[in-house]
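Residue 115 is where the sequence shown ends in the numbering used here, and the numbering goes up by one at each step. All remarks here apply to the structure that follows.
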Amino acid sequence: VQLQASGGGSVQAGASLTLSCAVSQNISSGSDVGWHRQTPGKQREFVASVSAGGRTAYTDTVKGRFTISKDNTKSTVDLQMNALVPEDTAVYYCYLRRSPSDTYWGQGTLVTVSS
Numbered sequence: 001v002q003l004q005a006s007g008g009g010s011v012q013a014g015a016s017l018t019l020s021c022a023v024s025q026n027i028s029s030g031s032d033v034g035w036h037r038q039t040p041g042k043q044r045e046f047v048a049s050v051s052a053g054g055r056t057a058y059t060d061t062v063k064g065r066f067t068i069s070k071d072n073t074k075s076t077v078d079l080q081m082n083a084l085v086p087e088d089t090a091v092y093y094c095y096l097r098r099s100p101s102d103t104y105w106g107q108g109t110l111v112t113v114s115s
């Protein structure tokens, strides 16, 4: 399984960005997909996910600002990020999870938010 993340960049606080992840396999069933992020010196943290059945989950700090969606026909997972703040600065990684021990990661895309 391969995942290719794109869409990162440098923006001012308050701006929006959309990250996209292309997955090399069908994501319509059997897997959850989502995003984590990581800043230097910190552990990778969960951001958002969408289950095979379409149920979404978000970490509290992005609720109301970020929206995750997937397109099963294209095997893509998007993360729409609005009202960005400097604390959102991180490398964002998309993932596909069949089980806790069977998880695949993309290469990461850098998001930098300046104040």
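For each residue, glycine too, the CB sits at the ideal point set by N, CA and C.
I need the DSSP call for residue i, collapsed to helix, strand or coil.
i, result
"residue 113", "strand"
"residue 85", "coil"
"residue 62", "helix"
"residue 42", "coil"
"residue 1", "coil"
"residue 74", "coil"
"residue 55", "coil"
Assuming residue i is part of the beta strand (DSSP E), what are its boundary residues?
i, result
"residue 18", "17 to 23"
"residue 10", "9 to 12"
"residue 48", "45 to 50"
"residue 28", "Looking at the DSSP string, residue 28 is not in any beta strand (DSSP E), and its letter there is neither H nor E."
"residue 101", "Here residue 101 belongs to no beta strand (DSSP E), and DSSP marks it neither H nor E."
Measuring CA to CA, which of the options is closest to residue i?
i, options, result
"residue 89", "114, 98, 76", "114"
"residue 36", "59, 71, 112, 29", "59"
"residue 63", "49, 54, 72", "49"
Give me the Cα-Cα distance between residue i and residue j, rounded to the nearest whole angstrom.
i, j, result
"residue 1", "residue 75", "12 Å"
"residue 99", "residue 82", "30 Å"
"residue 24", "residue 5", "12 Å"
"residue 47", "residue 73", "23 Å"
"residue 51", "residue 12", "31 Å"
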